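Contents: one structure, followed by commentary.
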Amino acid sequence: MEYRHAMTQPIIQWREPSLAETDPEIAELVAKEARYEHDTVRLIPSENYASRAVLEAAGSVFTNKYSEGYPRKRYYEGQQQVDQVEEIAAARMAKLFGAEHANVQPYSGSPANLAVYLAFAKPGETIMGLALPSGGHLTHGWNVSITGMFFKSVAYNVRKDNHLIDYDQARELAKEHRPKLIFCGATAYSRIIDFQAFRSIADEVGAILAADIAHIAGLVAGGAHPSPVGIADVITTTTHKTLRGPRGGMILCKKEHAKAIDKAVFPGLQGGPHNHTTAAIAVAAHEAAQPAFKTYAHKIVENAKALAAGLSELGYSLVTGGTDNHLILIDLTNKNIPGKIAAKALDRAGIVANYNTVPFDPRKPFDPSGLRLGTPSVTSRGMGTAEMKRIAGWMDQVIQKHDDEALITRTAREVADMCKDFPAPGIPI
Ligand code: DSN
38 MEYRHAMTQP IIQWREPSLA ETDPEIAELV AKEARYEHDT VRLIPSENYA
88 SRAVLEAAGS VFTNKYSEGY PRKRYYEGQQ QVDQVEEIAA ARMAKLFGAE
138 HANVQPYSGS PANLAVYLAF AKPGETIMGL ALPSGGHLTH GWNVSITGMF
188 FKSVAYNVRK DNHLIDYDQA RELAKEHRPK LIFCGATAYS RIIDFQAFRS
238 IADEVGAILA ADIAHIAGLV AGGAHPSPVG IADVITTTTH KTLRGPRGGM
288 ILCKKEHAKA IDKAVFPGLQ GGPHNHTTAA IAVAAHEAAQ PAFKTYAHKI
338 VENAKALAAG LSELGYSLVT GGTDNHLILI DLTNKNIPGK IAAKALDRAG
388 IVANYNTVPF DPRKPFDPSG LRLGTPSVTS RGMGTAEMKR IAGWMDQVIQ
438 KHDDEALITR TAREVADMCK DFPAPGIPI
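Quick note on this note's numbering: the sequence shown kicks off at 38 and runs consecutively.
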């Protein structure tokens, strides 16, 4: 694991043993993971490669600090640098998205969403969100999540005929149940989300509108998906998906809600913020503000469309027929193979995806009919539409012959060979 040392300073300056010397077992797993992430085509839509700069900040001495409170209003001394880091991170993110206020303390997306519940609804009150089997997130009120247990949750769905969000149903349900809070946003939805439609539904019933853009934040920042800023009252996101930052969370909101949101995050929900993550969020915001990031965001979508077209040509049935964003959901029913078997064969072939339910799936979530794919990681490596076609071809071979281990091993070699030509950010192999 010596490369982490090389990333920060020449190893000669260290006066203590390296990770490899202290804990070879973990060092080896880290090195193996780096090799795995380098040699495979990673198509999990919520994953990415953080840059070396982001990794350096995330692995910095800010991990040593406690700083409950907010900049200039802490419960700890010793905040000379931490205050600056958090102010820079929040200001950069607010500017990047054109938001009035940014809170960069949520530990990740789920805590960010919980803070929104805490700010705007009381236990037992009604909230609304997209149903999990329709592509919504657990924390949008699904029954196994605390958000479905502590609140009266009403779920809207995608339409049966075209699998697009059923805005009419959402409006009817909102009028009937008068929710305090409406969540829009998804984890397995491949089309543009009409934030304005949700705004008008929320206005009709006097609800707060929260847009969870965790999956598409990088596309929004790069102008490849419409922004909910100025439309939704509050916006939550993770920082590590299309945004390419460290694993973390963030809430953007209008000034009028800033106090409620800040209070809900701390002291309402969390203790000390993860300052090393905050530093890395600042770096990610800086990277996402560069002109190259706009190109990156548009290329993610271009690649997703190319991969979707390649798979469609090979007879794969795509939920909604295709994609407008970074994500593709395949319904494998017509190929007579469950998602899990396909995902496991693909993983052995060096193509990493996740099995997923499709809307109205007759199969169970742990053994569903679908595969979920995304192009943020491959795009971060500089792969383009030609590589997407190759990937579609490999996927087809492996899915069709999922128990042909010789073919799978050969494919894994071909995949690794292609990967050599596309350096993975953050991995100095
Ligand atoms: N687990 C994330 C995803 O994979 O979409 C969402 O939280």
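Even for Gly, the Cβ is constructed at its ideal location relative to N, Cα and C.
For clarity, every value in this text was computed on a predicted model and none was experimentally measured.
N- and C-terminal bounds of the beta strand (DSSP E) containing residue i
i, result
"Tyr204", "Tyr204 -> not in any beta strand (DSSP E); alpha helix (DSSP H) instead, spanning Tyr204 to His214."
"Met455", "It is not in any beta strand (DSSP E) - Met455 instead sits in the alpha helix (DSSP H) that spans Glu442 to Cys456."
"Asn140", "His138 to Asn140"
"Met432", "Unbroken run through Met432 is the alpha helix (DSSP H), Thr422 to Gln437; no beta strand (DSSP E)."
"Ile3", "For the chain, the structure presents residues 38 to 466; residue 3 sits outside this window and is missing."
"Asp249", "Ile245 to Asp249"
Rounded distance between the beta-carbons of residue j and residue i, thought under 8 Å
i, j, result
"Thr394", "Pro82", "15 Å between Cβ atoms; not a contact."
"Leu256", "Ile272", "Contact doesn't hold; Cβ gap of about 13 Å is too wide."
"Ala152", "Ala139", "The pair is not a contact, with the Cβ atoms about 13 Å apart (cut-off 8 Å)."
"Ile445", "Ala382", "6 Å"
"Val415", "Val78", "6 Å"
"Pro304", "His363", "Their Cβ separation, rounded to whole angstroms, is 35 Å, which puts Pro304 and His363 out of contact at 8 Å."
"Phe220", "Gly260", "Actually they do not touch by this definition, with Cβ atoms about 24 Å apart."
"Asn340", "Gly421", "7 Å"
"Ala283", "Thr276", "Note that residue 283 corresponds to Pro in the displayed sequence, not to Ala. Sure, about 6 Å apart at Cβ, within 8 Å."
"Thr176", "Ser147", "5 Å"
"Val98", "Glu123", "About 15 Å separates the two Cβ atoms, so there is no contact after all."
"Asp270", "His252", "That belief does not hold up - the Cβ atoms of Asp270 and His252 are roughly 20 Å apart, past 8 Å."
"Ala94", "Ala334", "With 8 Å as the limit, Ala94 and Ala334 do not qualify as a contact, their Cβ atoms being about 22 Å apart."
"Asn312", "Lys102", "5 Å"
"Ile374", "His439", "6 Å"
"Leu218", "Ile245", "5 Å"
Endpoints, alpha helix (DSSP H) assigned at residue i
i, result
"Ala301", "Ala301 -> no alpha helix (DSSP H), and no H or E assigned at all."
"Thr184", "Ile183 to Met186"
"Met287", "No alpha helix (DSSP H) holds Met287; the beta strand (DSSP E) holding it covers Gly286 to Cys290."
"Leu256", "Ala254 to Ala258"
"Gly222", "Neither: Gly222 is in no alpha helix (DSSP H) and is coded neither H nor E."
"Thr59", "Leu56 to Thr59"
DSSP state of residue i mapped onto helix, strand, coil
i, result
"Val266", "coil"
"Thr412", "coil"
"Phe235", "helix"
"Ala192", "strand"
"Val78", "strand"
"Glu39", "Here the model assigns Glu39 a pLDDT of 44, short of 50, so the residue's position is not dependable, and the following value carries that caveat. Helix, per DSSP."
"Tyr154", "helix"
"Ala325", "helix"
"Arg109", "coil"
"Met130", "helix"
"Ala94", "helix"
"Thr273", "strand"
"Thr163", "strand"
"Gly282", "coil"
"Gly146", "helix"
"Val320", "helix"
"Phe99", "helix"
"Thr176", "helix"
Proximity test, Cβ basis, 8 Å: residue i and chain B
i, result
"Met420", "In summary, chain B is missing from the structure at hand, where a single protein chain is found."
* Sequence-ordered residues whose beta carbon comes within less than 5 Å of a heavy atom of the ligand DSN -> Ser83 and Thr224
* Asked: Taking only runs of the alpha helix (DSSP H) that begin and end inside the region 325-398, which ones reach a length of at least 4 residues, in chain order?
  -> 328-350 and 376-385
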